[in-house]
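Peer 1:
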Amino acid sequence: MHTIIQQLINGLSLGSIYALLALGYTMVYGVIKLINFAHGDIYMLGAFWGYYVLKFWHLNFFVALLTAMVFCAILGVVIEFLAYRPLRHAPRITALITAIGVSYLLENGMSYLFGASARNFPQAIEQQNYHIGGFAISNIQVLILVTAIVLMLALQLVIKRSKMGKAMRAVAVDQDAAELMGINPNHVISFTFALGSALAGAAGVLIGLYYNTIDPLMGMTPGIKAFVAAVVGGIGSIPGASLGGFLIGILETIVQAVGLSAYKDAAVYIVLIIILLVMPSGIFGKRTKEKV
Amino acid sequence: MLKVSNLYINYGGIQAVRDVSFEVHTGEIVTLIGANGAGKSTILKTISGLMRPKSGLITYEDQPIQNASSATIVGAGISQVPEGRHIFAGMTVQENLEMGAFLKKRGTDMSSTFKDIFARFPVLAERKNQDAATLSGGEQQMLAMARALMAKPKLLLLDEPSMGLSPIYIQKIFDIIQSINEQGTTILLIEQNAKQALSIATRGYVIASGEIKLEGTGKELLGNKQVQSAYLGG
Numbered sequence: 000m001h002t003i004i005q006q007l008i009n010g011l012s013l014g015s016i017y018a019l020l021a022l023g024y025t026m027v028y029g030v031i032k033l034i035n036f037a038h039g040d041i042y043m044l045g046a047f048w049g050y051y052v053l054k055f056w057h058l059n060f061f062v063a064l065l066t067a068m069v070f071c072a073i074l075g076v077v078i079e080f081l082a083y084r085p086l087r088h089a090p091r092i093t094a095l096i097t098a099i100g101v102s103y104l105l106e107n108g109m110s111y112l113f114g115a116s117a118r119n120f121p122q123a124i125e126q127q128n129y130h131i132g133g134f135a136i137s138n139i140q141v142l143i144l145v146t147a148i149v150l151m152l153a154l155q156l157v158i159k160r161s162k163m164g165k166a167m168r169a170v171a172v173d174q175d176a177a178e179l180m181g182i183n184p185n186h187v188i189s190f191t192f193a194l195g196s197a198l199a200g201a202a203g204v205l206i207g208l209y210y211n212t213i214d215p216l217m218g219m220t221p222g223i224k225a226f227v228a229a230v231v232g233g234i235g236s237i238p239g240a241s242l243g244g245f246l247i248g249i250l251e252t253i254v255q256a257v258g259l260s261a262y263k264d265a266a267v268y269i270v271l272i273i274i275l276l277v278m279p280s281g282i283f284g285k286r287t288k289e290k291v
Numbered sequence: 000m001l002k003v004s005n006l007y008i009n010y011g012g013i014q015a016v017r018d019v020s021f022e023v024h025t026g027e028i029v030t031l032i033g034a035n036g037a038g039k040s041t042i043l044k045t046i047s048g049l050m051r052p053k054s055g056l057i058t059y060e061d062q063p064i065q066n067a068s069s070a071t072i073v074g075a076g077i078s079q080v081p082e083g084r085h086i087f088a089g090m091t092v093q094e095n096l097e098m099g100a101f102l103k104k105r106g107t108d109m110s111s112t113f114k115d116i117f118a119r120f121p122v123l124a125e126r127k128n129q130d131a132a133t134l135s136g137g138e139q140q141m142l143a144m145a146r147a148l149m150a151k152p153k154l155l156l157l158d159e160p161s162m163g164l165s166p167i168y169i170q171k172i173f174d175i176i177q178s179i180n181e182q183g184t185t186i187l188l189i190e191q192n193a194k195q196a197l198s199i200a201t202r203g204y205v206i207a208s209g210e211i212k213l214e215g216t217g218k219e220l221l222g223n224k225q226v227q228s229a230y231l232g233g
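So the protein sequences, as listed, match chains A and B. Quick note, the first sequence lines up with residues 0 to 291 if you use numbering that gives the first Met the number 0. Quick note, the second sequence lines up with residues 0 to 233 if you use numbering that gives the first Met the number 0.
See below:
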């Protein structure tokens, strides 16, 4: 029992990272029905941005976090503009393959330009472990969880209250009708990529601090796991992506805790297979269709 | 106000609209009637900028708009109520209406617009915080019309507004169309319910297989033998 609760605490930190990433997958899917497989690599680039800013400019950790979000937001918008926008009216599979291509380009481009070796992420915040009621928790774990929750609440506010957030929901429900309102779908799509990529950038910096090591291929596996998290929550659903992220994070740490470390990735994919077989629309599923 | 000249539109590899020309003058209710698949909706979507014509000219207040974006066209004063309502499910009635006023500048005071809309559609005021998907079909049609009116259009395009509604709601919808028109909005109406459309229309055009077959005032077309047998059930 003690182990399980301890792993729950660890799982929440890892889950926060997956949740932040899964939100980007689900928002982009909601608006243009594209699984952006390059999303994990945006997270990698966010981590690298944080690495350089902290290591060479010695800036404050929160400055690194915020600038990484801005950097990734811009990057997401540029990638969408160059790679996906020309394919707006192409079959969906074309855009999907392109996303995989963009992913390889970013991974190998980074390896080529900056080197493929793993680097030690600067410990901008010194780790301190607390023991509360027999459970170990570090200040970094708390930081990750709190940052993730603050970002999710901010996202919720943007989507529910802001004009662009509402336009985003309108485009996700019915793009033609949104256009008839005078909404330019391209602006909404850019906005969506900016939001999703900013969250991925934040996740990248947080994971650097948590795992201490980053490399150009670090986005591959978490990218796919976050995609699984988005599917588990119900792709297109924002609360679903958050919940899915936490569930996948907890599942992974528990599998590790019971001594099946070697199978922690497999466990996540098994969950994907089971979800696709028995509950393909995920936990929060798709909204019911409008009445005719 | 709106002039369509020699319009050709391809849709899914088929020539859906052939050499269509018609005009809408300020203050009129003009209706395009014709059977399902005659190309009526295609024409409206092209006016709104959702589709592009193969050739031909669409001018609105003497400006060509056939290559303009939907946002430009809405901004110029043309709003469309699409066939099948297309309300934003999962968003509240209030939010749906806000989307209708999307192009209004930030900080514009919308309260008088909302007041006018809620006065015309009291049922929407009662349900403004409800998910739009929970409305009945007739209420959704009201919402779709109200949403288009939020932009204060000069020309309102209506695509099959009575489709799938009960007779009571059909009557309500046609009454509302007339009152919107009386308050100064020009209307282009597409309907399969030809009898009711022609009875409120200033002028009408009959479309079959993508071409205009007949035109005249609403009264003339209602009295026309061909129209009676083909579209008014004899």
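Beta carbons: idealized from backbone N, C-alpha and C, even for Gly. Computed from a predicted structure; not experimentally measured.
Along the region 14-30 of chain B, where does the CB come closer than 8 Å to a CB of chain A? Name the residues.
Peer 2: So the list is empty, because no residue satisfies the distance condition.
Peer 1: Work out the CA separation of B/Ile46 and B/Met196 for me, nearest whole Å.
Peer 2: Correcting the residue type first, residue 196 of chain B is Ala in the shown sequence and not Met. Looking at the two C-alpha atoms, the distance is approximately 20 Å.
Peer 1: If I measure Cβ to Cβ from B/Ile72 and keep anything under 7 Å in the same chain, skipping five residues before and after, which residues do I get?
Peer 2: So the qualifying residues of the chain are Ser47, Gly48, Ile64.
Peer 1: Answer yes or no: does any C-beta atom of chain B fall closer than 9 Å to that of A/Gly244?
Peer 2: It does not; no Cβ of chain B falls within 9 Å.
Peer 1: Using a Cβ-Cβ distance cut-off of 9 Å, determine whether A/Asp40 contacts chain B.
Peer 2: No - not a single Cβ of chain B is within 9 Å of the one on A/Asp40.
Peer 1: Mind reading off the beta-carbon distance from A/Phe190 to A/Met167? Whole number of angstroms is fine, and I expect it under 8 Å.
Peer 2: Indeed they touch by this definition, with Cβ atoms about 6 Å apart.
Peer 1: Just the C-alpha distance for A/Leu150 and A/Leu198, rounded to the nearest angstrom, thanks.
Peer 2: Answer to the nearest angstrom: the Cα atoms are 8 Å apart.
Peer 1: By the criterion of Cβ-Cβ separation under 8 Å, what are the contact partners of B/Val73 in chain A?
Peer 2: The answer, in chain order, is Leu179, Met180, Gly181.
Peer 1: Mind checking if B/Asn9 is an interface residue toward chain A, Cβ cutoff 9 Å exclusive?
Peer 2: Not closer than 9 Å to any Cβ of chain A, the Cβ of B/Asn9 fails to qualify, so no.
Peer 1: Which whole-angstrom value describes the C-beta separation of B/Leu43 and B/Gln79, a residue pair presumed to lie in contact below a C-beta threshold of 8 Å?
Peer 2: Confirmed, Cβ separation roughly 6 Å.
Peer 1: Below 8 Å, can you find three or more Cβ-Cβ pairs linking the region 86-97 of chain B to the region 177-185 of chain B?
Peer 2: Cβ pair count under 8 Å is below three, so no.
Peer 1: Expressed to the nearest angstrom, what Euclidean distance is found between the alpha-carbon atoms of B/Gly33 and B/Gly232?
Peer 2: B/Gly33 and B/Gly232: Cα-Cα distance of roughly 13 Å.
Peer 1: For B/Lys44, which of helix, strand or coil comes out of DSSP?
Peer 2: Note: B/Lys44 maps to helix in three-state DSSP.
Peer 1: Taking the alpha-carbon positions, what's the B/Ile13 to B/Ser20 distance?
Peer 2: Each residue's alpha carbon lies about 19 Å from the other.
Peer 1: Would you check if there are 3 or more beta carbon pairs closer than 8 Å linking the region 79-88 of chain A to the region 225-242 of chain A?
Peer 2: No, the region 79-88 of chain A does not touch the region 225-242 of chain A.
Peer 1: Helix, strand or coil, according to DSSP, for B/Gln62 in the structure here?
Peer 2: In the structure shown, B/Gln62 sits in a strand (DSSP, three-state: E or B).
Peer 1: Against B/Gly106, what residues of chain A qualify as contacts under a CB-to-CB distance less than 8 Å, listed in chain order?
Peer 2: Within 8 Å Cβ-Cβ: nothing; B/Gly106 doesn't reach chain A, min ~11 Å.
Peer 1: At the 9 Å Cβ level, is B/Gly38 part of the contact set with chain A, yes or no?
Peer 2: No, no contact with chain A.
Peer 1: By DSSP, does A/Glu125 sit in helix, in strand, or in coil?
Peer 2: If DSSP states are grouped into helix, strand and coil, A/Glu125 belongs with coil.
Peer 1: Please work out which residues of its chain come closer than 8 Å, Cβ to Cβ, to A/Ser116, disregarding the five sequence neighbours upstream and downstream, and give them in chain order.
Peer 2: Asp214, listed in sequence order.
Peer 1: Taking 8 Å as the limit between beta carbons, can you name the residues of its chain near B/Gln177, skipping five residues before and five after?
Peer 2: Around B/Gln177: Ile28, Ile199.
Peer 1: What is the DSSP secondary structure of A/Arg118, reduced to helix, strand or coil?
Peer 2: DSSP places A/Arg118 in strand when its eight states are reduced to three.
Peer 1: Taking 9 Å as the CB-CB limit, is A/Val172 close to chain B?
Peer 2: With 9 Å as the cut-off, A/Val172 counts as an interface residue toward chain B.
Peer 1: Going by alpha carbons, who is nearest to A/Ala63 out of A/Ala225, A/Val257, A/Gly248, A/Gly200?
Peer 2: The residue with the shortest Cα to Cα distance from A/Ala63 is A/Gly200.
Peer 1: List the endpoints of the continuous alpha helix (DSSP H) containing A/Asn107.
Peer 2: Note, A/Asn107: alpha helix (DSSP H), 91-113.
Peer 1: Please report the distance separating the alpha-carbon of B/Leu136 from that of B/Ile169.
Peer 2: In the sequence on display, residue 136 of chain B carries Gly and not Leu. Approximately 11 Å, taken between the alpha carbons.
Peer 1: Please state whether DSSP places B/Arg202 in a helix, a strand or coil.
Peer 2: Three-state result, B/Arg202: strand.
Peer 1: Output needed in chain order: residues of the region 88-116 of chain B with a Cβ under 9 Å from some Cβ in chain A.
Peer 2: Listed in sequence order: Ala88, Gly89, Met90, Glu94, Asn95, Glu97, Met98, Gly99, Ala100, Phe101, Leu102, Arg105.
Peer 1: Beta-carbon of B/Met166 versus every beta-carbon of chain A: anything under 9 Å?
Peer 2: The question names Met, but residue 166 of chain B in the sequence shown is Pro. No, B/Pro166 lies away from the interface with chain A (no Cβ there is under 9 Å from its Cβ).
Peer 1: With A/Gly284 and A/Gly233 assumed to form a contact (beta carbons below 8 Å), what rounded beta-carbon distance in angstroms separates them?
Peer 2: About 5 Å; that satisfies the 8 Å criterion.
Peer 1: Spatial neighbours of A/Phe245 within its chain, please: C-beta separation below 7 Å, excluding the five flanking residues on both sides.
Peer 2: Result list for A/Phe245: Leu11, Gly14, Ala18, in chain order.
Peer 1: What is the DSSP secondary structure of B/Ile172, reduced to helix, strand or coil?
Peer 2: Reduced to three states, the DSSP call for B/Ile172 is helix.
Peer 1: Of the choices A/Asn138, A/Lys224, A/Ile272, A/Gly235, whose alpha-carbon is the least far from that of A/Ile31?
Peer 2: Nearest of A/Asn138, A/Lys224, A/Ile272, A/Gly235 to A/Ile31, Cα basis: A/Gly235.
Peer 1: Using a Cβ-Cβ cutoff of 8 Å, what residues of the region 145-171 of chain A are near chain B? List them in chain order.
Peer 2: Cβ contacts with chain B come from Lys162, Lys165, Ala166, Arg168, Ala169.
Peer 1: Work out the CA separation of B/Met141 and B/Leu213 for me, nearest whole Å.
Peer 2: Those two C-alpha atoms are separated by around 31 Å.
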